[in-house]
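Asker: Provided herewith is a single structure, encoded as structure tokens, for subsequent inquiry.
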Amino acid sequence: EDKVVQSPLSLVVHEGDTVTLNCSYEVTNFRSLLWYKQEKKAPTFLFMLTSSGIEKKSGRLSSILDKKELFSILNITATQTGDSAVYLCAVVSYGGATNKLIFGTGTLLAVQP
Amino acid sequence: NAGVMQNPRHLVRRRGQEARLRCSPMKGHSHVYWYRQLPEEGLKFMVYLQKENIIDESGMPKERFSAEFPKEGPSILRIQQVVRGDSAAYFCASSRDKANYGYTFGSGTRLTVV
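Those protein sequence lines, which keep their order, are chains P and B.
Taking my numbering, the leading residue of the first sequence gets 1, the next gets one more, and so forth.
Taking my numbering, the leading residue of the second sequence gets 1, the next gets one more, and so forth.
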């Protein structure tokens with residue numbers, strides 16, 4: 001059965017800290033891995049990773065994929081209280097006519113002032 | 001350019017009633033996906049539709065749940081005879097084509113069954 005596992009489940013840090021969120025997966029017909037940020041409403045897209053070893057960056061956030069070891073990490077440097085959210089990892093399962101995302105349960109990040 | 005629009009934002013139904021959730025995709029998008037998020041759980045895929053076609057409904061419960069995406073109008077997720085376990089947030093996403101994986105989610109409909 002396809003699965004995506006995120007760790008830790010929750011994390012509390014102070015402003016300015018650097019955090020690393022983990023995502024491992026076992027998914028047939030893997031195509032890409034995506035990271036989303038969810039703040040009590042719609043998940044908002046952060047990154048899509050398709051190739052191993054190529055880091056994607058957006059401001060203080062960065063992410064990388066290891067397709068050999070089947071995992072990805074999301075780094076957030078110099079955290080701010082506005083980074084508090086649930087971070088979701090999802091893997092695209094692509095096969096035949098279908099195309100769907102398989103989500104992990106998320107990591108709840110709380111950044112304290 | 002409006003994003004993915006879902007309505008209602010909140011829906012309360014008594015056990016046994018029907019719930020209808022609507023999703024209008026982004027302009028120019030003809031692929032729609034429905035996901036359900038139960039409390040303390042991640043999003044679970046339910047169904048993938050293109051205009052007038054159900055492509056993949058492998059995540060839909062076998063009974064009481066149905067989905068459509070007509071030629072005109074929004075996509076509808078319909079839950080008949082709701083039970084307390086149906087209480088969840090239901091999210092819709094859309095994409096222009098099948099290969100566009102970074103799709104945009106709507107704000108969701110939070111269904112509460114009392």
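Just so it is clear, CB atoms sit at the ideal spot from N, CA and C, and this is done for glycine as well.
So, at 7 Å on beta carbons, what are the nonlocal neighbours of Val114(B) in its own chain, with the 5 sequence-adjacent residues on each side left out?
Answerer: Excluding positions up to five away in sequence, the list reads Val12, Arg14.
Asker: In whole angstroms, what is the alpha-carbon distance linking Leu109(P) and Gly82(P)?
Answerer: Roughly 10 Å between the two C-alpha positions.
Asker: Candidates Gln50(B), Ser58(B), Glu40(B): which alpha carbon is nearest Cys23(B)'s?
Answerer: Cys23(B) has its Cα closest to that of Gln50(B), out of Gln50(B), Ser58(B), Glu40(B).
Asker: Check the Cβ of Leu74(P) against every Cβ in chain B and list those closer than 7 Å, keeping chain order.
Answerer: What Leu74(P) touches in chain B: nothing, since even the nearest Cβ is about 15 Å away.
Asker: Quick check: is the beta carbon of Ile54(B) nearer than 8 Å to any beta carbon in chain P?
Answerer: So no, Ile54(B) is outside the interface.
Asker: What residues in the region 24 to 44 of chain B bring their beta carbon closer than 9 Å to a beta carbon of chain P?
Answerer: Those residues of the region 24 to 44 of chain B that come within reach of chain P (Cβ to Cβ, closer than 9 Å) are His31, Tyr33, Tyr35, Gln37, Glu40, Glu41, Gly42, Leu43, Lys44.
Asker: Could you work out which residues of chain B lie near Pro43(P), taking near to mean beta carbons separated by less than 8 Å?
Answerer: The answer, in chain order, is Leu43, Phe91, Phe105.
Asker: Name the residues in the region 96 to 110 of chain P whose C-beta lies less than 8 Å from a C-beta of chain B; which are they?
Answerer: Going along the region 96 to 110 of chain P in chain order, one finds Ala97, Thr98, Asn99, Lys100, Leu101, Ile102, Phe103, Gly104, Thr105, Gly106 with a Cβ nearer than 8 Å to chain B.
Asker: Does Leu88(P) come within less than 8 Å of chain B when only Cβ atoms are used?
Answerer: Closer than 8 Å to some Cβ of chain B, the Cβ of Leu88(P) qualifies, so yes.
Asker: Measure the alpha-carbon distance for Ser51(P) versus Asp66(P) and round it to whole angstroms.
Answerer: Taking the straight line joining both Cα atoms gives about 8 Å.
Asker: Under 8 Å between C-beta atoms, does Gly16(B) make it to chain P?
Answerer: Not an interface residue.
Asker: Drop a sphere of 10 angstroms on the beta-carbon of His31(B), count the other beta-carbons inside from all chains shown, and report buried for 16 or more, exposed for fewer.
Answerer: Answer is buried; the Cβ neighbour count reaches 16.
Asker: Quick check on Arg96(B): does DSSP put it in helix, strand or coil?
Answerer: In the structure shown, Arg96(B) sits in coil (DSSP, three-state: anything other than H, G, I, E or B).
Asker: Round the Cβ separation of Cys23(P) and Ser72(P) to the nearest angstrom and send it over; I've been treating them as touching at under 8 Å.
Answerer: Right, their Cβ atoms sit about 5 Å apart.
Asker: Quick one: is Gly108(B) near chain P, going by C-beta distance under 8 Å?
Answerer: True, the Cβ-Cβ gap to chain P drops below 8 Å.
Asker: Is Asp2(P) helix, strand or coil by DSSP?
Answerer: Reduced to three states, the DSSP call for Asp2(P) is coil.
Asker: Assuming Leu9(P) and Thr107(P) are in contact, meaning their beta carbons sit under 8 Å apart, how far apart are those beta carbons, in whole angstroms?
Answerer: That pair is a contact at about 7 Å.
Asker: What is the DSSP secondary structure of Arg60(P), reduced to helix, strand or coil?
Answerer: Looking at Arg60(P) - three-state DSSP - the assignment turns out to be coil, as it is neither helix nor strand.
Asker: Could you work out which residue in Gln38(P), Val5(P), Arg31(P), Asp2(P) is closest to Ser84(P) when comparing CA atoms only?
Answerer: That would be Gln38(P), whose Cα lies nearest to the Cα of Ser84(P).
Asker: Using DSSP bridges, identify the partner residues of Ser151(P).
Answerer: Any answer about residue 151(P) is impossible in this case: the structure gives chain P only from 1 up to 113.
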